[in-house]
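Trainee:
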Amino acid sequence: MLSCKNNAATETGDTNADAPSENAGTQDLGQAFLKDDEATPNVLDIAVGSPDHTTLVAAVQAANLENALVNAGPLMVFAPTNAAFDKLPEGTVENLLKPENKDQLAFILKHHVTPGKYDKEFLKKFKTLGQASNENVPVEVKGDDVYVGGAKIIASIPAGNGIVHVVDAVILPSN
Amino acid sequence: MKKIIHFITAFAFFAMLLSCGKNSQNGTKKQGALSSNAAEKVYVAPGEYDEFYAFISGGFSGQLAVYGLPSGRLFKVIPVFSQDAEKAWGYNEETKPMLNTSHGFVPWDDLHHPDISQTNGLLDGRWVFVNGNNTPRIAKIDLTTFETTEIIELPNSAGNHSSSFVTENTEYVVAGTRFSVPIPQKDIPIKDYKGNFKGALSFIAIDPEDGGMDLKFQIMMPGFDYDLAHPGRGASHGWFFFSTYNTEEASTLMEVNASQNDKDFIAAVNWKKAEEYISAGKGKKMPAQYAHNVYNDQTHMATSTIKDEVLMLDASELPGLVYLLPTPKSPHGCDVDPSGQYIVGSGKLSANLTVHSFQKMLAAIEAKNFDGEAYGIPILKFDDVLAGVVDQAGLGPLHTEFDGKGNAYTSFFISSEVVKWKLGTWEVLDRQPCYYSVGHLMIPGGNSREPFGQYVVAMNKITKDRYLPTGPEVTQSAQLYDISGDKMELLLDFPTVGEPHYAAGIRADIVMKNSRKIFKLEENDHPFAIKSESETKVVRDGNVVHVYMSTIRSHFSPDNIEGIKVGDKVYFHVTNLEQDYDVPHGISMIGANTSELLIMPGQTETFLWEPKEVGVWPFYCTDFCSALHQEMQGYVRVSPAGSALPLSWSLGED
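Chains as they are written, first to last, in the numbering used here: chain A, 1 to 175; chain B, 1 to 654.
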């Protein structure tokens, strides 16, 4: 279980000094591992709680991005479903989950996060969004549907620290 | 919808499973501290002194707190912008004028950025300057008394955020407005913002002898939001740099509308050029209302003066005064390295840091290589002024400090960490988590030419599980990291007063030798002061009564007063006759609609009591002054309004 991982936590030793991807703790210590039953679920809670997002959650854990997703935010997460990951060429996900590809994985995941919190209707006001990857993604409106970076929003769940938009495709960065 | 319900149900299921505690963490924390000697590094033995003072702002508390580093021990909370019943700040008659403004008495503000005075680019430890955001003000704290001795209001400003930073000889304390507003204020539609609202940058000249503040001039700028600022130093002395956002000039739904432009600006202001323009008579005097409040250590009283004019320079009309450096993604922090060569812009929605080169900026200006203009102010080309980019350093960069060894330390709010990187190569060298949501960082001396690069303090907005819980509101905190080695090491968490927004630190020996111990009684020029018990008296003027009272261990003089009547306004002017270090006395009167007084040796303070009921009412000393503190008390007899009982006062007469 995610919240039980801090058994091995160390605080002042074992720095993740050279890790080039940002995160607030490869040591499973921090807000992500603080659980309560009173607060509104945050974007990480929502992803963890969804049986349709086990691939995404595995990726977040592999990239040690949990603490970034529970911060005060606001954060808007475009959460590809397991089916969306399945549409990628065979072996892509397995490859990204390898420890040596952690940076690349983190970059792709950050490409699915926007600092901000906008519902689907409100997103129609935007032409582009600036992602945590430092790249922009286009926003397109087709009828009632909103596409972000080519991925269609198929459900939206407000979170305590932002909003999760479930999307039907993985949004790949240009580089 | 069905899908959403499915998610929520799934979440509830998981929430039940996610109940295991973090008990094991305590054990590992202790092991970590022991194995790394963190405890030893922050331990200051009883009776020994800390190596540094840290002046940590209280944010929304409106006050400035004084801590020791590395221990994190709290020494004093200096009242600045908020009334403080503990010290009678803003309650006693002497300090009420300090909180006067053009809007009247304003008993609170939001104190953000302390900065320590400098001489030749080095901290001289004479004064700390701080800004009040809400009703724009700058305050000066005198580091001989650790008291606020001056507050100046800033006209044409609103949300005084990019303040209060000092130039390297404390020529100026500089303040920029966060909100642009109509200048002068007028009744116009909010939607007419664009082009009609302006931002004012204020340059407050500092008297080199006594630190006196004088609003020398303001620079009228386009209607952007001015976020943070830092002075040039060394080669760039004479310039001041301000980060801007909302160059879109939006006035509503800022979280969307102020993030439309891919780049905003860092405004580079040539203040030496401003002085030339003023000498050439190019400044325009315009009407303005602002308060200037000064506390005098001889009279122990403050005065408030409303000023009515300010000298304005219009950046749109005066060439060479301001240039705009494009900077990505709504830059927040705007920090200048100790050499003055690099200006670091932190786009708060960015994963990168942008570093501008002062030399390249000068070359681009020389070559007149501009990329258009904004309201007549030249915009330089991004690539022409860029020194480098710290790529993918973290998420949500805010503020950068420097260790004087060629390294920079940047806080990242969203990824909640401090990242060490190298100036010149722009490579990330180290990163450490912050618990949680770090705002500013502070390295003692970090805003000077020679930082004391031993510690960095991270100031966090959120602590959640870091301390014993205290209901919904839990403390904010500071975290101390040792930065003397290649890798940072977290040494200590300590709770703070209010929001630890920003801080300034200085080596203790520079300051402590100047700290005053007492106020000399013979120098007390308070109009109601008395120099000995023989001068105590009670004087009636209509229904106003002045009590000239003294304190000395362990009695008040007088301690029996008769002849006071219902409806009187009784002013107790209390002089502490003690001339010993650390022997304050206090006083409080039953039913007085104000705070206690806390009076330092040699000082006079005044509170007002308006008795409403007939009777005999006691007062007592509120500071535990001596073994007979509990005997330090007295009575006031209150007679009916029409009573003919004459005034009398005494001590020790039956």
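Cβ atoms here follow ideal geometry from the backbone N, Cα and C, with glycine treated the same way.
Between the stretch 68 to 90 of chain A and chain B, which residues of the former have a C-beta closer than 9 Å to a C-beta of the latter?
Mentor: Flagged, chain order: A68, V70, N71, A72, G73, P74, L75.
Trainee: Below 8 Å on the Cβ atoms is my guess for A54 (chain B) versus Y43 (chain B); work out the distance and round it to an integer in Å.
Mentor: That belief does not hold up - the Cβ atoms of A54 (chain B) and Y43 (chain B) are roughly 17 Å apart, past 8 Å.
Trainee: Would a check of beta-carbon distances place A132 (chain A) closer than 7 Å to chain E?
Mentor: The question asks about chain E, but that chain is absent: this structure's protein chains are A and B.
Trainee: For the stretch 514 to 527 of chain B against the stretch 594 to 613 of chain B, do three or more pairs of beta-carbon atoms, one drawn from each stretch, fall closer than 8 Å, so that the two count as touching?
Mentor: The stretch 514 to 527 of chain B vs the stretch 594 to 613 of chain B: in contact.
Trainee: Which of the residues in the stretch 447 to 463 of chain B, read from start to end, lie with their CB under 8 Å from any CB of chain A?
Mentor: Those would be K461, I462, in chain order.
Trainee: For a contact meaning CB atoms closer than 7 Å, what does N352 (chain B) contact in chain A?
Mentor: Here the neighbours are N134.
Trainee: Name the chain B residues that come within less than 7 Å of P115 (chain A), Cβ to Cβ?
Mentor: Those within 7 Å of P115 (chain A) in chain B are L349, G396, I414.
Trainee: Of all the options B:L69, B:F370, B:S61, B:S477, which has the alpha carbon lying nearest to the alpha carbon of E48 (chain B)?
Mentor: Minimum Cα distance to E48 (chain B) is reached at B:L69.
Trainee: State the beta-bridge partners of Q218 (chain B) as determined by DSSP.
Mentor: Beta-bridge pairing links Q218 (chain B) to B:S202, B:M312.
Trainee: For a quick check, are the C-beta atoms of A79 (chain A) and L96 (chain A) less than 7 Å apart?
Mentor: Not in contact: A79 (chain A) and L96 (chain A) (Cβ atoms no closer than 7 Å).
Trainee: Got a sec? Which residues, its chain only, sit under 6 Å from K198 (chain B) by beta carbon, not counting five neighbours each side?
Mentor: Around K198 (chain B): S180, I183, M220, G223.
Trainee: For S415 (chain B), which residues in the same chain have their Cβ closer than 8 Å to its Cβ, ignoring the five residues on either side in sequence?
Mentor: The residues are G394, L395, G396.
Trainee: Any beta carbon of chain A sitting closer than 7 Å to that of S437 (chain B)?
Mentor: True, the Cβ-Cβ gap to chain A drops below 7 Å.
Trainee: So that I know if they touch, is there some Cβ in chain B lying closer than 7 Å to that of Q104 (chain A)?
Mentor: Taking Cβ atoms only, chain B never reaches closer than 7 Å to Q104 (chain A), which makes this a no.
Trainee: Please confirm whether Q31 (chain A) has its beta-carbon closer than 7 Å to some beta-carbon of chain B.
Mentor: So yes, Q31 (chain A) belongs to the interface.
Trainee: Rounded to the nearest angstrom, how far is the Cβ of V389 (chain B) from that of T354 (chain B), given a contact under 8 Å?
Mentor: The pair is a contact, with the Cβ atoms about 6 Å apart (cut-off 8 Å).
Trainee: Ignore the nearest five residues each way along the sequence and tell me which others in N23 (chain B)'s own chain have a CB closer than 6 Å to its CB.
Mentor: Low confidence applies here, because N23 (chain B) scores a pLDDT of 37, under 50, leaving its location unreliable; read the following figure in that light. Excluding residues within five positions, none has a Cβ falling inside 6 Å.
Trainee: Restricting to runs no shorter than 3 residues, where is the beta strand (DSSP E) found entirely within the stretch 488 to 571 of chain B?
Mentor: Entirely contained in the stretch 488 to 571 of chain B, the beta strand (DSSP E) runs reaching 3 residues are, in chain order, 489 to 495, 503 to 507, 537 to 541, 544 to 552, 555 to 557, 560 to 565.
Trainee: Quick check on A24 (chain A) - is its C-beta less than 7 Å from some C-beta in chain B?
Mentor: Interpretation of A24 (chain A) is limited by its pLDDT of 40, a score under 50 that renders its predicted location unreliable; the figure taken from the coordinates is listed afterwards. With 7 Å as the cut-off, A24 (chain A) counts as an interface residue toward chain B.
Trainee: Between G176 (chain B) and E499 (chain B), how many whole angstroms is the CB-CB distance? I'm expecting something under 8 Å.
Mentor: That pair is no contact at about 20 Å.
Trainee: Using a cut-off of 9 Å between C-beta atoms, extract the partners of L329 (chain B) located in chain A.
Mentor: Reading off the sequence shown, one finds Lys at residue 329 (chain B), where the question assumed Leu. Those within 9 Å of K329 (chain B) in chain A are G130, N134.
Trainee: If contacts are defined as beta-carbon pairs under 8 Å, then P114 (chain B) and A504 (chain B) qualify, I think. What distance do you get, rounded to the angstrom?
Mentor: Contact holds; Cβ gap of about 4 Å.
Trainee: Roughly how many angstroms separate the alpha carbons of K87 (chain A) and I171 (chain A), rounded to a whole number?
Mentor: Cα-Cα distance, rounded: 12 Å.
Trainee: Look at the alpha carbon of A65 (chain B) and the alpha carbon of S71 (chain B), and state the distance between them as a whole number of angstroms.
Mentor: One C-alpha to the other measures close to 14 Å.
Trainee: In three-state DSSP terms, what is T149 (chain B)?
Mentor: Three-state result, T149 (chain B): strand.
Trainee: Since M656 (chain B) is in the alpha helix (DSSP H), which residue starts that stretch and which ends it?
Mentor: Shown here, chain B extends from 1 to 654; a query on residue 656 (chain B) therefore has no answer.
Trainee: Taking the alpha-carbon positions, what's the A235 (chain B) to V174 (chain B) distance?
Mentor: Looking at the two C-alpha atoms, the distance is approximately 19 Å.
Trainee: Report buried or exposed for Y467 (chain B), applying the criterion of at least 16 other Cβ atoms within 10 angstroms of its Cβ.
Mentor: When all chains shown are included, Y467 (chain B) counts as exposed.
Trainee: Given a cut-off of 7 Å, decide if D264 (chain B) and S330 (chain B) are closer than it, judged by their beta-carbon atoms.
Mentor: Cβ distance < 7 Å, so S330 (chain B) and D264 (chain B) count as in contact.
Trainee: In whole angstroms, what is the alpha-carbon distance linking G485 (chain B) and A151 (chain A)?
Mentor: Answer to the nearest angstrom: the Cα atoms are 46 Å apart.
Trainee: Quick one: which residues of the stretch 312 to 346 of chain B get their C-beta closer than 8 Å to a C-beta of chain A? List them in chain order.
Mentor: From the stretch 312 to 346 of chain B, only K329 have a Cβ closer than 8 Å to chain A.
Trainee: Among the residues of its own chain, which have a CB less than 7 Å from the CB of S350 (chain B), if the five just before and after it don't count?
Mentor: Within the same chain, S350 (chain B) has close Cβ partners P328, K329, P397.
Trainee: Can we say the stretch 611 to 619 of chain B touches the stretch 114 to 123 of chain B, given the rule of at least three CB pairs closer than 8 Å?
Mentor: In short, these stretches do not touch, since the Cβ pair count stays below three.
Trainee: Could you tell me whether the Cβ atoms of D335 (chain B) and V344 (chain B) are closer together than 7 Å?
Mentor: Yes, the Cβ-Cβ distance between D335 (chain B) and V344 (chain B) is below 7 Å.
Trainee: In the DSSP assignment, find the alpha helix (DSSP H) that holds W271 (chain B) and state where it starts and stops.
Mentor: Looking at the DSSP string, the run of the alpha helix (DSSP H) that includes W271 (chain B) is 271 to 279.
Trainee: Can you give me the C-alpha to C-alpha distance between A229 (chain B) and E473 (chain B), rounded to a whole angstrom?
Mentor: Distance between the alpha carbons of A229 (chain B) and E473 (chain B): 31 Å.
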